[in-house]
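Just so it is clear: in the sequence shown, position 94 is 97 by the numbering used here, and no numbers are missing. Glycine included, every Cβ here is placed at the ideal spot set by N, Cα and C. From a predicted model like this one, the values you see are computed outputs, not experimental measurements. Notes for the one structure printed next.
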Amino acid sequence: MTSTGQVGSQQPVVNSYNGWDPLEEVIVGNAYGAAKAGFEPAFNPYLRDPSARTREGYPRAEKDIEAAQAQLDNFAKVMQDRGITVHRPTRTDYWTPVKTPDFEVKGQNASACPRDVLLVVGDQIIEATMGQRVRFFEYLAYRELVKDYFNRGARWVAAPKPSMSDAMYTKDYSTIELPFDADTHPALTEFEPCFDAASFSRIGRDIFYQPDIVTNDFGARWLARQLGPEFRIHRARFKDPHPQHIDATMVPLRPGLVMMNPERPAVDDTVRLFKDNGWEIVDAVPSVTDTIPRPDEVSNWISMNMFNLDEQTIICEEQEEPMIKLLETLGFSVIALPFRDVYSFGGSFHCCTLDVRRRGGLRSYFPKLDG
Numbered sequence: 004m005t006s007t008g009q010v011g012s013q014q015p016v017v018n019s020y021n022g023w024d025p026l027e028e029v030i031v032g033n034a035y036g037a038a039k040a041g042f043e044p045a046f047n048p049y050l051r052d053p054s055a056r057t058r059e060g061y062p063r064a065e066k067d068i069e070a071a072q073a074q075l076d077n078f079a080k081v082m083q084d085r086g087i088t089v090h091r092p093t094r095t096d097y098w099t100p101v102k103t104p105d106f107e108v109k110g111q112n113a114s115a116c117p118r119d120v121l122l123v124v125g126d127q128i129i130e131a132t133m134g135q136r137v138r139f140f141e142y143l144a145y146r147e148l149v150k151d152y153f154n155r156g157a158r159w160v161a162a163p164k165p166s167m168s169d170a171m172y173t174k175d176y177s178t179i180e181l182p183f184d185a186d187t188h189p190a191l192t193e194f195e196p197c198f199d200a201a202s203f204s205r206i207g208r209d210i211f212y213q214p215d216i217v218t219n220d221f222g223a224r225w226l227a228r229q230l231g232p233e234f235r236i237h238r239a240r241f242k243d244p245h246p247q248h249i250d251a252t253m254v255p256l257r258p259g260l261v262m263m264n265p266e267r268p269a270v271d272d273t274v275r276l277f278k279d280n281g282w283e284i285v286d287a288v289p290s291v292t293d294t295i296p297r298p299d300e301v302s303n304w305i306s307m308n309m310f311n312l313d314e315q316t317i318i319c320e321e322q323e324e325p326m327i328k329l330l331e332t333l334g335f336s337v338i339a340l341p342f343r344d345v346y347s348f349g350g351s352f353h354c355c356t357l358d359v360r361r362r363g364g365l366r367s368y369f370p371k372l373d374g
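Right under this line is the structure:
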C-alpha cells in the first residue's frame, strides 16, 4: 500500500531530524506472517519462571494477525488521506527458523515495528544491529524500500552485524534478585556493538539513548562515530527494572516540551539538561491497560507510544482517554484511532512507524550546549 507523491529535486528523499516536523513520508509496519519467538538469552531479563527457558516458538493465530493488520491498514489510510506518502515492508514468513554459525532459534517476530530496525538521521537511513537473535534478519523486510531510497539519493548505512554469540549476553542473567542496572548489572556485555534503533530519541543535533537490554554503550559509540561531530549523543539512565527502548520513558512532543514517565525517573542529569535549556517537562499518565487486560509485549505505559504528524497534531490510541485529555490540555489536536489489537505485536503508533521524511532541517534545541 503506497500513496502517490513526488519528491522535489531539491528535497532529500530521506530527511528527518526529530519527531514533530511536518510529516511527508512514513513506513508503517505489517503483522503478516508473525510468530511468537522461542526462548533466547535476550529474554532473560523478563524471565520469572525458569521453565520458560525451554519455550518454543509458534505461528501467530490468523485471526489475531487479521485484527492487527486491519488496524495498521486503517492507521496507514488515515495518513494517506492527509497526503502523506505511506510505504509498507515486504510480507515475510517469520515462522522460518533463524540459524547462524553461532546460534539457532525457531520462530522470529513480525514486521510490525520498523522503528526498532531502522534509524533515520537527516538523509541517512541506518540499519540497527538488533539485540535479539530472533530479530537477526528482520531488516530484510525493509531491504527493497531501503534500496529504493538509496537509488534516489539517500545515504544507506548498515551497522556491523554482531554474531550474537553467547559472549554478547551476560551469562545466566536475571532480574529476580537484582534489578537491571546498565553499569553494575547489565544484560549485555560490551563484546560487540549492539543496539535497537528505538533505544534512541532524536532531538535535532542532540540524540538521547538509554543503555537497556538490547542496546549497549559499544553500539552507541559506533553510532556517534558514524554520525560525526555534528551530532551530540547523550547517555540517559532511568530507573527501570528491565528497560527496552526509550519511547515509553522519555517522549519529546515538540520543541521545548518533553513527556517523562513518572514511574521511571531519571537517575542522572537528563532532567536537569532539559530544564537548563528551557524545556517544560510533563508527567505522562499510565495506560488504561492498567485496568483492562493487556498483552505481555507492552507495559502499562504504552499510552506514551504516540506519533506526531506535526507540532500540533498527534495520533493516540482511542481508548487512552486520560492521555488524550492531557494532550488536549497541552494544545494538541488529537487523532484517536483503534490500535489495541496491534499491541501484542510489539508496540503502538510510534513503534509501528518510521518517519522517513519530514519537512524541516537540522537545528539545536539545547542552546546552552552550543558554546
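Note down, in chain order, each residue of its chain lying with its Cβ closer than 7 Å to the Cβ of residue i, except the 5 sequence neighbours on either side.
i, result
"residue 142", "120 and 130"
"residue 29", "82, 87, 89, 356, 357, 358 and 359"
"residue 93", "144 and 147"
"residue 48", "176, 178, 183, 190, 216 and 245"
"residue 7", "Interpretation of residue 7 is limited by its pLDDT of 34, a score under 50 that renders its predicted location unreliable; the figure taken from the coordinates is listed afterwards. There are no such residues."
"residue 2", "The structure shown has nothing for residue 2, since the chain only spans 4 to 374."
"residue 31", "75, 78, 79, 89, 91, 355 and 356"
"residue 319", "309, 326, 327, 330, 337 and 339"
"residue 105", "166, 167 and 168"
"residue 136", "43, 45, 101, 106, 108 and 167"
Would you mind reading off the limits of the alpha helix (DSSP H) that contains residue i?
i, result
"residue 201", "Element bounds for residue 201: n/a, residue is neither H nor E."
"residue 68", "65–83"
"residue 118", "117–120"
"residue 169", "No alpha helix (DSSP H) holds residue 169; DSSP gives it neither H nor E."
"residue 325", "324–332"
Could you tell me the boundaries of the beta strand (DSSP E) in which residue i lies?
i, result
"residue 225", "Per DSSP, residue 225 belongs to no beta strand (DSSP E); it is in the alpha helix (DSSP H), 220–230."
"residue 243", "Looking at the DSSP string, residue 243 is not in any beta strand (DSSP E), and its letter there is neither H nor E."
"residue 301", "Premise fails: residue 301 is in no beta strand (DSSP E) and is neither H nor E."
"residue 255", "253–257"
"residue 285", "283–286"
"residue 261", "260–263"
"residue 212", "209–212"
"residue 361", "356–361"
Output yes or no for whether 8 Å exceeds the beta carbon distance between residue i and residue j.
i, j, result
"residue 269", "residue 240", "yes"
"residue 202", "residue 249", "yes"
"residue 349", "residue 113", "yes"
"residue 344", "residue 70", "yes"
"residue 40", "residue 60", "yes"
"residue 361", "residue 18", "yes"
"residue 317", "residue 342", "no"
"residue 340", "residue 323", "no"
"residue 236", "residue 206", "no"
With a threshold of 6 Å on Cβ separation, who are the neighbours of residue i within its own chain once the five nearest residues in sequence on each side are excluded?
i, result
"residue 282", "259 and 261"
"residue 257", "23 and 314"
"residue 181", "188"
"residue 373", "367"
"residue 287", "262, 264 and 307"
"residue 158", "126 and 127"
Which same chain residues end up closer than 8 Å to residue i when comparing Cβ atoms and leaving out the 5 residues on each side of it in sequence?
i, result
"residue 192", "170, 171, 172, 173 and 219"
"residue 160", "127, 128, 129, 130 and 229"
"residue 196", "132, 162, 163, 165, 219, 221, 222, 224 and 225"
"residue 11", "Because the pLDDT of residue 11 is 46, which lies under 50, any placement of that residue in the model is unreliable, and the question is left without a value."
Where DSSP assigns a beta bridge to residue i, which residues make up the other side?
i, result
"residue 159", "128"
"residue 62", "38"
"residue 88", "28"
"residue 318", "310 and 338"
"residue 188", "184"
"residue 291", "According to DSSP, which records beta bridges pairwise, residue 291 is partnered with nothing at all."
"residue 236", "210"
"residue 19", "125"
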